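Trainee: The UniProt record's numbering numbers the first residue of the sequence shown as 1 and each following residue consecutively.
Backbone N, C-alpha and C define an ideal beta-carbon position, used for all residues, glycine too.
Quantities reported herein were computed from a predicted structural model and do not represent experimental measurements.
Supplied in structure tokens, the structure appears directly below.
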Amino acid sequence: MTTYFLSVKDMAKAKGPDPELSFQGIGPDKLAADIADAMRSDSLFQRWRAKQPEPDEVDPSLGATDPAATATGELSAGDRHDVKLTTSLPMRLVKHRLNLLIGNSWELRDTQ
Numbered sequence: 001m002t003t004y005f006l007s008v009k010d011m012a013k014a015k016g017p018d019p020e021l022s023f024q025g026i027g028p029d030k031l032a033a034d035i036a037d038a039m040r041s042d043s044l045f046q047r048w049r050a051k052q053p054e055p056d057e058v059d060p061s062l063g064a065t066d067p068a069a070t071a072t073g074e075l076s077a078g079d080r081h082d083v084k085l086t087t088s089l090p091m092r093l094v095k096h097r098l099n100l101l102i103g104n105s106w107e108l109r110d111t112q
């Protein structure tokens with residue numbers, strides 16, 4: 001398991017490029033819940049995959065899940081929202097799902 005310490009500076013801009021796949025909530029608790037769900041379930045992956053020109057050609061390993069993934073969120077200094085994500089999924093999958101949910105609004109601050 002790896003713990004990723006993430007931050008989002010502007011929640012209003014924390015949107016992915018596709019509104020149908022994007023984070024639609026407000027606040028760090030909702031963001032953490034959506035991130036945890038994206039790691040535990042393949043529903044975000046399946047929705048994204050269905051939108052691809054050749055869905056059957058998408059690498060199925062991108063849909064791996066971690067039912068034990070956890071995430072917590074909190075408001076930190078300077079209106080920054082921090083999320084602590086713990087998962088066994090590799091960074092390439094974490095990054096893909098974060099980009100679908102919140103675009104490039106996130107920053108990896110540390111790992112453990």
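#1: Which first and last residues belong to the alpha helix (DSSP H) in which Leu62 is found?
#2: How is the alpha helix (DSSP H) around Ala50 delimited, first residue to last?
#3: Just checking my contact of Leu44 with His81 at CB under 8 Å: how many whole Å lie between their CB atoms?
#4: Asp37 lies in the beta strand (DSSP E); which residues open and close that run?
#5: Taking DSSP as the reference, what is the three-state secondary structure of Ala71?
#6: Beta carbon of Lys9, beta carbon of Gly103: below 8 Å?
#7: Please determine, among Ala50, Ser105, Phe23, the residue with the shortest C-alpha to C-alpha distance to residue 116.
#8: If you draw a straight line from the alpha carbon of Pro17 to that of Leu100, how long is it in whole angstroms?
#9: Span of the beta strand (DSSP E) holding Val83?
Mentor: Answer, in terms of the structure:
#1: Counted from its first residue, the sequence shown places residue 62 at position 62. That residue, Leu62, is in no alpha helix (DSSP H); it is neither H nor E in DSSP.
#2: Stepping through the sequence shown from its first residue, residue 50 is reached at position 50. Membership of Ala50 in the alpha helix (DSSP H) is indicated by the continuous run 43 to 50.
#3: Here residue 44 refers to the residue found at position 44 of the sequence shown. Here residue 81 refers to the residue found at position 81 of the sequence shown. Actually they are not in contact, since the Cβ atoms of Leu44 and His81 sit about 20 Å apart, beyond 8 Å.
#4: By 1-based counting over the sequence shown, the position of residue 37 is 37. Careful: Asp37 lies outside any beta strand (DSSP E), inside the alpha helix (DSSP H) at 28 to 40.
#5: Locating residue 71 in the sequence shown gives position 71, where the first residue counts as 1. The DSSP-derived three-state label of Ala71 is strand.
#6: One-based indexing of the sequence shown puts residue 9 at position 9. One-based indexing of the sequence shown puts residue 103 at position 103. Gly103 sits away from Lys9, with the two beta carbons spaced by 8 Å or more.
#7: What is shown of the chain runs 1 to 112, which leaves residue 116 out entirely.
#8: For this step, residue 17 is matched to residue 17 along the sequence shown. For this step, residue 100 is matched to residue 100 along the sequence shown. Pro17 and Leu100: Cα-Cα distance of roughly 7 Å.
#9: Position 83 of the sequence shown, counted from the first residue, corresponds to residue 83. That run of the beta strand (DSSP E) goes 81 to 87.
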